[in-house]
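Chains R and A, in that order, give the protein sequences. For the numbering used here, count along the first sequence from 1 and bump the result up by 675. For the numbering used here, count along the second sequence from 1 and bump the result up by 1409. Even glycine gets a Cβ: it sits at the ideal position worked out from N, Cα and C. Predicted, not measured: the structure shown is a model, and the values here were computed from it.
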Amino acid sequence: MSALSPGRRRRRVNTAALLIALPTILVFAVFSWWPILLGATMSLQRTNFVGPADWVGLDNFVYVLSDPQLQHAVVNTLWFTALAVLFGFPLPLMLAVVISTVRARSRGLYAGLAYLPVIVPPVVAILLWRFAYDPSPTGLFNAMLAPLGIGPLPWLNDAAIAMPSIVLQATWAAAGTSVLIYLAALTAVRPELYEAAVLDGAGIWSRIWHVTLPQMRTIILVMILLQLIGAAQVFTEPFLMTSGGPQNATLTILLLMYRYAFGGAADYGAATALGVLLALVLALLSAVYLRLTRRWQE
Amino acid sequence: MSDAGILTPAERRRPATAIGLAVVHGAVLLGLAIAGLGPLLWLVAASLGNTQDVLRDPLGVFTRMTEWQHYVDAFRGVDTARLLLNTVLVAGGSAIVTVVVALSAGYVIAIMRPRWAPALSGAVLATIFLPAVVSLVPLYLTVVDMFGTGLSLQNTFWAVWLPAGANAFAVVLVTGFLRAIPRELIEAAQIDGAGPLRTMWSVVLPLARPILGVVALLAAIGAWKDYLWPSLVLTDPLLRPISVALPALERTNDLATFFAILVVASIVPIVLFVVFQRPLLANAGLSAGIKD
């Protein structure tokens, strides 16, 4: 080694590094970078898989934007997203704050129980919940609510409450992740801050409001954004619970994309155009969101 | 983790606060147990009941857990054993590919540091910020027909294994961990004449075992949970994992037997979680937050 000139040694290191990086480069190139580029180009093409693809400009976008189903999908996705943040934001934060006051050695039990639904395979959970949403009076949830004088509710069969029912399941399945993230952020708040607040005479609530939440504002802002982005791409829950019904009340954007691509028409141009549109909207949303919340960020 | 936090030790000792805190903690623990464990316990109880009874009185399942033969039926009439084996293969292969890719990327970016390392790191990181929707359909078309060559990975496990490896978050986790390895250890190995592969095998790999284990577990659980992607590329009944088969099994099976199949489908990830709870809870929050 020592006999090599610095330049040659550097080249040798470079070649070795390239060889070692090969699995990464190949896997990401074929299964990540290339499909992203392909998606962008395909949204501008019409393919029939017999001849070469035709460039059709913005035809796919025009087709998607004038599809009457899109309106349903957009409204439903916004509704789902709003409900998902409404249900799914405050609950994990409050849980995490309470769990952080539990003695350290029993915190694992709380966190483990909160995280358990995340571990259950989504298809299992969704099919179980769909059974529990049985609209008859002897359905599991209706039987549980009957003693309280509520119901029987039609759950997934009713256009008005099908979406909230799906959000309830999705929140149950996802809340554990947020609890863990908030818990990690809470344990990173420096104890001196609390000690200083106590010296200033701050009570428990005022410490939570004036120390804990401000200290966590960056992670809270990021989590809300991630929840928005994740909720806008919801698929499996409505697909398996209602297939978008009743009367398209739970047809989401991803479900519509699935219908374009895999619903028989094999309209990959429309599907990729819709995907690109959603990605652009989400990018725009993120930029606007981060700009609007800049003054609260550190 | 320490006990210091919102509450001061003095407050914890004050009787009124201590009682109030105990009540709140008890209520939250009960709520978490009902919400987190309750549905699973109900599912197990219902799988041991009679379908007619479960439908007639779903709240009474805990009093009638006698029908163990549903677990025999779950494996007799249905090819549940094959579905489980497929799922294990899908999850195991995804874990291996994810670890190999993440280690390869992390070793080059954090340890070897060639001039182009920042470019590679940037190109990998960029994929985190692009929503998955952009690439679902084109990824499917790529896998079905690799670059117009007619070569298709559909209905081979590679169609799930290889895309699972393109996991930027696993790369971030491993790279971050490898960056913390003291430079002197790497240099000492090089002075002893170890090449890059030798250094990776004898110095870095033993040190990185904890993080590689976490990445493997998260990848395996993620693959076990996945539905949409395997439902598109593993359509062959002999190859599909159990998640993909479940919606159809619901229609063709007695309800209580189907519940037994649901229990069987959930047991492996739950056992993995219970056994490896500590390292998973420490890292899982971050990963899922970015991936889902």
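Check your understanding: If you draw a straight line from the C-alpha of R970 of chain R to the C-alpha of A860 of chain R, how long is it?
Key -> Within the model, the alpha-carbon separation for R970 of chain R versus A860 of chain R is close to 20 angstroms.
**Request:** Anything in chain A within Cβ reach of P698 of chain R, meaning under 7 angstroms, just list it in chain order.
**Result:** Per Cβ cutoff of 7 angstroms: V1509, V1510, S1513.
Q.
Just to confirm my understanding: we take Y869 of chain R, look at its own chain, exclude 5 residues before and 5 after, and list those with CB closer than 7 angstroms. What are they?
A. Once the five neighbours on either side are set aside, the close Cβ partners of Y869 of chain R are R882, V886.
Q. In chain A, what lies closer than 9 angstroms to P839 of chain R by C-beta?
A. Ordered by position in chain A, no residue passes the 9 angstroms Cβ test against P839 of chain R, which lies about 17 angstroms from the chain.
Which residue's Cα is closest to the Cα of Q720 of chain R: R:L802, R:V951, R:Y943, R:V963?
Residue R:Y943 is the option with its Cα nearest to Q720 of chain R.
Measure the CB-CB distance between P1540 of chain A and Q908 of chain R and report whether it falls below 8 angstroms. With respect to Q908 of chain R, P1540 of chain A sits close: the two C-beta atoms are nearer than 8 angstroms.
- Query: CA-CA distance, V739 of chain R and F703 of chain R?
  - Reply: Taking the straight line joining both Cα atoms gives about 29 angstroms.
### Task
Would you kindly work out how many angstroms separate the C-alpha atoms of T1489 of chain A and P1646 of chain A, rounded to a whole number?
Their backbone Cα atoms lie some 11 angstroms apart in a straight line.
Can you look up R865 of chain R in the DSSP assignment and give me helix, strand or coil? Of the three classes helix, strand and coil, the one that applies to R865 of chain R here is coil, per DSSP.
Applying the 10 Å Cβ sphere with the 16-neighbour rule, what's the burial state of P1523 of chain A? Under this definition P1523 of chain A is a buried residue.
Determine, using beta carbons only, whether I904 of chain R and P1678 of chain A come nearer to each other than 8 angstroms. Contact: no.
| message | According to DSSP, simplified to helix, strand and coil, what is D1482 of chain A? | response | Three-state DSSP puts D1482 of chain A in a helix.
Give a yes or no on whether the C-beta atoms belonging to T1496 of chain A and W1633 of chain A are separated by under 8 angstroms. The answer is yes: Cβ separation under 8 angstroms.
Assigned secondary structure, Q720 of chain R (DSSP; H/G/I helix, E/B strand, else coil) | Q720 of chain R sits in a strand when the DSSP states are folded into three classes.
Please classify W884 of chain R: does DSSP put it in a helix, a strand, or coil? If DSSP states are grouped into helix, strand and coil, W884 of chain R belongs with the helices.
Interface residues of the region 1428-1456 of chain A facing chain R [CB-CB below 8 angstroms]: Within the region 1428-1456 of chain A, contact with chain R at the beta-carbon level (separation under 8 angstroms) is assigned to L1430, V1433, H1434, V1437, L1438, L1441, A1442, A1444, G1445, L1446, P1448, L1449, W1451, L1452.
Go through its chain and collect everything with a Cβ distance to Q844 of chain R's Cβ below 8 angstroms, but skip five positions before and after it.
-> Within the same chain, Q844 of chain R has close Cβ partners A800, I801, W804, E912, M916.
If L855 of chain R and Y785 of chain R are in contact, beta carbons under 8 angstroms, what's the gap, nearest whole angstrom? About 11 angstroms separates the two Cβ atoms, so there is no contact after all.
When burial is assigned at 16 or more other CB atoms within 10 Å of the CB, is Q1478 of chain A buried or exposed?
Answer is exposed; the Cβ neighbour count stays below 16.
ask   = From the beta carbon of F1471 of chain A, is the nearest beta carbon of chain C less than 8 angstroms away?
value = No chain C appears in this structure, whose protein chains are R and A.
Q) Is the shortest distance between the beta-carbon of G1631 of chain A and the beta-carbons of chain R less than 8 angstroms? A) So, not an interface residue.
Review point. W709 of chain R touches chain A at which residues, Cβ-Cβ below 7 angstroms?
Key: Simply T1551.
task = In angstroms with no decimal places, state the Cα-to-Cα distance between P631 of chain R and W1567 of chain A.
result = The requested residue 631 of chain R does not occur in the structure, where chain R is confined to residues 676 to 973.
* Asked: Can you tell me where the alpha helix (DSSP H) with S1503 of chain A in it begins and where it stops?
  -> Counting along the chain, the alpha helix (DSSP H) containing S1503 of chain A begins and ends at 1489-1515.
- request: Give every residue of the same chain whose Cβ lies closer than 6 angstroms to the Cβ of L952 of chain R, excluding the five residues on either side of it in the sequence, and list them in chain order.
  value: Non-local beta-carbon contacts of L952 of chain R in its own chain, meaning distances under 6 angstroms to residues more than five positions away in sequence, are absent.
CA-CA distance, M838 of chain R and D1462 of chain A? Cα to Cα, the separation comes out at about 29 angstroms.
Practice prompt. Could you name the residues of the region 773-790 of chain R whose beta carbon sits closer than 9 angstroms to any beta carbon of chain A, in the order they occur along the chain?
Written response: Listed in sequence order: V773, I774, S775, T776, V777, R778, A779, R780, S781, R782, G783, L784, Y785, A786, G787, L788, A789, Y790.
Exercise for the section: Quick one: give me the first and last residue of the alpha helix (DSSP H) that I1443 of chain A is part of. Expected result: DSSP places I1443 of chain A in no alpha helix (DSSP H); its state is neither H nor E.
Closer than 9 angstroms, Cβ to any Cβ of chain A: which residues of the region 878-899 of chain R, in chain order?
-> Closer than 9 angstroms at the C-beta level to chain A, one finds these residues of the region 878-899 of chain R: I879, R882, I883, V886, T887, V897, M898.
| query | Any Cβ of chain A within less than 8 angstroms of the Cβ of I836 of chain R? | reply | Taking a beta-carbon distance threshold of 8 angstroms, I836 of chain R does not count as an interface residue toward chain A.
(Q) With a threshold of 8 angstroms between beta-carbons, can I695 of chain R be considered close to chain A, or not? (A) So, interface residue.
* Asked: Does the beta-carbon of G1559 of chain A have 16 or more other beta-carbons within 10 angstroms, so that it is buried, or is it exposed?
  -> Classification for G1559 of chain A: exposed.
Straight-line CA distance for R687 of chain R to A1617 of chain A? Going by the C-alpha atoms only, they are around 25 angstroms apart.
What number of angstroms, rounded off, separates the C-alpha of A1427 of chain A from the C-alpha of G1440 of chain A? It is roughly 20 angstroms from the alpha-carbon of A1427 of chain A to the alpha-carbon of G1440 of chain A.
Looking at C-alpha atoms only, which residue of A:V1612, A:A1535, A:V1624, A:R1421 is the closest neighbour of R778 of chain R?
The option with the nearest alpha carbon to R778 of chain R is A:R1421.
Give a yes or no on whether the minimum CB-CB distance between R1465 of chain A and chain R is below 8 angstroms. At a cut-off of 8 angstroms, the C-beta of R1465 of chain A has a neighbouring C-beta in chain R.
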